[in-house]
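Report on the following structure.
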Amino acid sequence: GQQLNQSPQSMFIQEGEDVSMNCTSSSIFNTWLWYKQDPGEGPVLLIALYKAGELTSNGRLTAQFGITRKDSFLNISASIPSDVGIYFCAGPNSGGSNYKLTFGKGTLLTVNP
Amino acid sequence: EAGVVQSPRYKIIEKKQPVAFWCNPISGHNTLYWYRQNLGQGPELLIRYENEEAVDDSQLPKDRFSAERLKGVDSTLKIQPAELGDSAVYLCASSLDRLEQYFGPGTRLTVT
Chain S
2 GQQLNQSPQS
12 MFIQEGEDVS
22 MNCTSSSIFN
32 TWLWYKQDPG
42 EGPVLLIALY
52 KAGELTSNGR
62 LTAQFGITRK
72 DSFLNISASI
82 PSDVGIYFCA
92 GPNSGGSNYK
102 LTFGKGTLLT
112 VNP
Chain W
20 EAGVVQSPRY
30 KIIEKKQPVA
40 FWCNPISGHN
50 TLYWYRQNLG
60 QGPELLIRYE
70 NEEAVDDSQL
80 PKDRFSAERL
90 KGVDSTLKIQ
100 PAELGDSAVY
110 LCASSLDRLE
120 QYFGPGTRLT
130 VT
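So the protein sequences, as listed, match chains S and W.
Sequential numbering from 2 applies to the first sequence in my numbering.
Sequential numbering from 20 applies to the second sequence in my numbering.
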């Protein structure tokens, strides 16, 4: 089946720093979704990308749909302590089953105040 | 707008016991999903409902897992009997657009 590889697995940064993480696949995706999961909670949808090359922002978050359609990037600017959590990328399964999302293993972000 | 509601939030049971999880999706969302999330992993789909019909249960271990969505709104997921390996977080999600899924807080199951 399809796999999504997220890197880095974890990051430790200082408050105020910018952070970048990415998600790659061996196969083409037509949609990329980025979620954030806080401890003890379910994933929360941050950004959805539908078009190759698309760059979308949501506050301090910016995500890009890679031109090759095999990768996506999420950037967080001026990090704050509440950015702590696990960031997942996800995309629809192939074969026309657009509803079935494949998730990466996540990037754990720690922000030191 | 209320989000996806799940209960209980935590459940600890002994192996071989039954357990049930409940989900109330976002109002108006006709598609409902149950996912399982193991520690250090992303969520993995167990079953998807379109209204009251289970349209994909290929990942559901049917020997011990069952689910229902009566009247196409609330849903329950049951495990009977539970095994040690079933310890995980069980997430419910719903969507109007099939791609943008909204998750509940999950039920953390511990089987001892």
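Every residue, glycine too, gets a C-beta built ideally from N, C-alpha and C.
For the 7 Å CB-CB criterion, residue 86/S and residue 103/S do not form a contact.
Burial state of residue 66/S is buried, judged by a 10 Å Cβ sphere holding 16 or more other Cβ atoms.
Listed in chain order, the positions of the region 43-76 of chain S with a beta carbon within less than 9 Å of a beta carbon of chain W are 43, 44, 45, 46, 49 and 51.
Chain-ordered, the chain W residues with CB closer than 7 Å to the CB of residue 32/S read 118. With a threshold of 7 Å between beta carbons, residue 86/S makes no contact with chain W. In this structure residue 51/S is exposed. Its beta-carbon is surrounded by fewer than 16 other beta-carbon atoms within 10 angstroms.
When Cβ-Cβ separations below 7 Å define contact, residue 101/S makes contact with chain W. Residue contact with chain S for residue 122/W: present (Cβ-Cβ distance below 7 Å to some residue of chain S). Taking a contact to require three or more Cβ pairs closer than 8 Å, the region 67-84 of chain S and the region 9-24 of chain S qualify as touching. The Cβ atoms of residue 53/S and residue 68/S sit closer than 7 Å to each other.
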